[in-house]
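Peer 1: The structure's right below; bear with me while I get my questions together.
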Amino acid sequence: AQSVTQPDIHITVSEGASLELRCNYSYGATPYLFWYVQSPGQGLQLLLKYFSGDTLVQGIKGFEAEFKRSQSSFNLRKPSVHWSDAAEYFCAVGQNRDDKIIFGKGTRLHILP
Amino acid sequence: DTAVSQTPKYLVTQMGNDKSIKCEQNLGHDTMYWYKQDSKKFLKIMFSYNNKELIINETVPNRFSPKSPDKAHLNLHINSLELGDSAVYFCASSRQGGDSPLHFGNGTRLTVT
């Protein structure tokens with residue numbers, strides 16, 4: 008069955024520190040991969056997406072993610088976090104235009120001043 | 298201009314009542330969705346429509362009935378509300394299916410008492 012795993016429910020980092028949020032997927036073929044961010048009381052906003060090509064993708068707000076087929080991973084990174092990055096982050100996977108996008112359970116990011 | 302707008306933002310009602318949530322998108326997308334986010338932030342797809350046609354129906358109780366009068370609108374009607382229906386309901390749209398990013402509304406927080 009198709010699945011998306013975000014192993015960390017909560018992550019706490021200090022402001023200015025680097026960040027990596029993990030995402031692993033289980034799909035039959037090369038998936039379409041997404042990272043979304045949800046601020047409190049808001050809907051989800053797309054940070055970045057991977058469809059094909061360069062396995063390192065750049066997104067908004069200084070985020071990037073790397074697709075590693077051998078590890079079935081699509082980890083999200085940021086070199087230096089800001090207090091405003093505190094939010095819930097969701098990894099999501101889709102396969103083709105007739106398929107649905109499914110979400111991981113999310114990782115809550117806390118930022119220490 | 299709000300790309301995906303849903304109303305109301307908050308909905309508080311008693312068990313057994315019937316309520317509706319409305320959603321509209323001005324992005325020109327062909328596909329619209331309803332997602333349910335539970336108290337643990339888990340996002341689960343409920344329905345998707347492509348150009349007014351039901352594509353995905355994820356084992357949702359038949360008390361939930363989506364209606365798409367045109368491809369820019371997808372409403373959700375819920376009959377005989379139960380306590381377990383309390384959640385945040387998100388409307389989303391995309392150009393097509395699993396290979397296109399989702400654009401989310403800001404959610405409707407439904408509380409059933």
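Protein sequences, first through last, are from chains F and Y. Heads up: the first sequence runs through residues 8 to 120, numbered per this note's numbering. Heads up: the second sequence runs through residues 298 to 410, numbered per this note's numbering. All C-beta atoms, glycine included, are put in the ideal place defined by N, C-alpha and C. Just so it is clear, the structure is predicted and the values come from calculations on it, not from any experiment.
How many angstroms separate the CA atom of methionine 343 of chain Y from the CA atom of leucine 26 of chain F?
Peer 2: Walking along the second sequence from the start, residue 343 of chain Y turns up at place 46. Walking along the first sequence from the start, residue 26 of chain F turns up at place 19. Cα to Cα, methionine 343 of chain Y sits roughly 32 Å from leucine 26 of chain F.
Peer 1: Assuming histidine 374 of chain Y contacts serine 302 of chain Y (C-beta within less than 8 Å), just tell me the rounded distance between them.
Peer 2: Start at 1 with the first residue of the second sequence, and residue 374 of chain Y comes out as number 77. Start at 1 with the first residue of the second sequence, and residue 302 of chain Y comes out as number 5. Contact flag wrong, Cβ pair sits at about 18 Å.
Peer 1: Can you grab the Cα-Cα spacing for the pair histidine 326 of chain Y / lysine 364 of chain Y, in whole Å?
Peer 2: The residue given as residue 326 of chain Y occupies position 29 in the second sequence. The residue given as residue 364 of chain Y occupies position 67 in the second sequence. If I take the Cα positions, the gap works out to 16 Å.
Peer 1: Using DSSP bridges, identify the partner residues of glutamine 52 of chain F.
Peer 2: Residue mapping note: residue 52 of chain F aligns to position 45 of the first sequence, counting from 1. The partner list for glutamine 52 of chain F (beta bridge, DSSP) reads F:Val44.
Peer 1: Measuring only between beta-carbons, confirm whether glutamate 27 of chain F sits less than 8 Å from chain Y.
Peer 2: Walking along the first sequence from the start, residue 27 of chain F turns up at place 20. At a cut-off of 8 Å between beta carbons, glutamate 27 of chain F makes no contact with chain Y.
Peer 1: Determine whether the beta carbon atoms of tyrosine 32 of chain F and serine 79 of chain F lie at a separation below 8 Å.
Peer 2: Taking the first residue of the first sequence as 1, we reach residue 32 of chain F at position 25. Taking the first residue of the first sequence as 1, we reach residue 79 of chain F at position 72. Taking 8 Å as the Cβ cut-off, tyrosine 32 of chain F and serine 79 of chain F qualify as a contacting pair.
Peer 1: Skipping 5 residues on each side, what residues in its chain have a beta carbon closer than 8 Å to that of glutamate 321 of chain Y?
Peer 2: By one-based count along the second sequence, residue 321 of chain Y stands at place 24. Same-chain partners within the cutoff: Val301, Ser302, Gln303, Ala369, His370.
Peer 1: With the cut-off set at 8 Å, would you say leucine 119 of chain F and valine 20 of chain F are in Cβ contact?
Peer 2: Position 112 of the first sequence holds residue 119 of chain F. Position 13 of the first sequence holds residue 20 of chain F. Yes, the pair counts as a contact, with Cβ atoms nearer than the cut-off.
Peer 1: Indicate whether threonine 405 of chain Y and lysine 306 of chain Y have their beta-carbon atoms separated by less than 8 Å.
Peer 2: For the purposes of this step, residue 405 of chain Y is taken as residue 108 along the second sequence, with counting starting at 1. For the purposes of this step, residue 306 of chain Y is taken as residue 9 along the second sequence, with counting starting at 1. Yes, the pair counts as a contact, with Cβ atoms nearer than the cut-off.
Peer 1: If we cut at 8 Å on Cβ distances, does phenylalanine 58 of chain F have a partner in chain Y?
Peer 2: Residue mapping note: residue 58 of chain F aligns to position 51 of the first sequence, counting from 1. True, the Cβ-Cβ gap to chain Y drops below 8 Å.
Peer 1: Spell out whether any CB of chain F is found under 8 Å from the CB atom of isoleucine 353 of chain Y.
Peer 2: Here residue 353 of chain Y refers to the residue found at position 56 of the second sequence. Taking Cβ atoms only, chain F reaches closer than 8 Å to isoleucine 353 of chain Y, which makes this a yes.
Peer 1: Output needed for alanine 24 of chain F: all residues of its chain with C-beta closer than 8 Å, excluding positions within five of it in sequence on either side, in chain order.
Peer 2: Residue numbering aside, residue 24 of chain F sits at position 17 when the first sequence is read from its first letter. If we look at alanine 24 of chain F and ignore the five residues flanking it on each side, its Cβ neighbours are Ser87, Val88.
Peer 1: With H, G and I counted as helix, E and B as strand and the rest as coil, what does DSSP make of aspartate 327 of chain Y?
Peer 2: Residue mapping note: residue 327 of chain Y aligns to position 30 of the second sequence, counting from 1. In the structure shown, aspartate 327 of chain Y sits in coil (DSSP, three-state: anything other than H, G, I, E or B).
Peer 1: Under the three-state reduction of DSSP, which class applies to leucine 351 of chain Y: helix, strand or coil?
Peer 2: Start at 1 with the first residue of the second sequence, and residue 351 of chain Y comes out as number 54. Strand at leucine 351 of chain Y.
Peer 1: Of all the residues that make up the stretch 309-343 of chain Y, which are near chain F by a beta-carbon distance shorter than 7 Å?
Peer 2: Lys338, Phe339, Leu340, Ile342
Peer 1: At which residue ranges does the stretch 365-407 of chain Y contain complete beta strand (DSSP E) runs of 3 or more residues, listed in the order of the chain?
Peer 2: 370-375, 384-391
Peer 1: So which residues of chain Y does aspartate 15 of chain F contact, with C-beta pairs closer than 8 Å?
Peer 2: Position 8 of the first sequence, counted from the start, is the residue given in the question as residue 15 of chain F. What aspartate 15 of chain F touches in chain Y: nothing, since even the nearest Cβ is about 13 Å away.
Peer 1: Is it buried or exposed for threonine 62 of chain F, if we count other Cβ within 10 angstroms and need 16 for buried?
Peer 2: Taking the first sequence and counting its residues from 1, the one referred to as residue 62 of chain F is at position 55. It is exposed - the Cβ of threonine 62 of chain F has fewer than 16 other Cβ atoms within 10 Å.
Peer 1: How close, in whole Å, do the beta carbons of glycine 69 of chain F and lysine 56 of chain F come, if the pair is a contact with beta carbons under 8 Å?
Peer 2: For the purposes of this step, residue 69 of chain F is identified with residue 62 of the first sequence, where counting begins at 1. For the purposes of this step, residue 56 of chain F is identified with residue 49 of the first sequence, where counting begins at 1. Incorrect: roughly 16 Å between the Cβ atoms, too far for contact.
Peer 1: With a threshold of 6 Å on Cβ separation, who are the neighbours of leucine 4 of chain F within its own chain once the five nearest residues in sequence on each side are excluded?
Peer 2: As displayed, chain F neither begins before 8 nor continues past 120, which places residue 4 of chain F out of reach and without an answer.
Peer 1: Please classify proline 366 of chain Y: is it buried, with 16 or more other beta-carbons within 10 angstroms of its beta-carbon, or exposed?
Peer 2: Here the question's residue 366 of chain Y lines up with position 69 in the second sequence. Residue environment for proline 366 of chain Y: exposed (fewer than 16 other C-beta atoms within 10 angstroms of its C-beta).
Peer 1: Check the Cβ-Cβ distances between phenylalanine 97 of chain F and every residue of chain Y, and say whether any is below 8 Å.
Peer 2: Sequence index remark: in the first sequence, residue 97 of chain F carries index 90 (1-based). Yes, phenylalanine 97 of chain F counts as interfacial toward chain Y.
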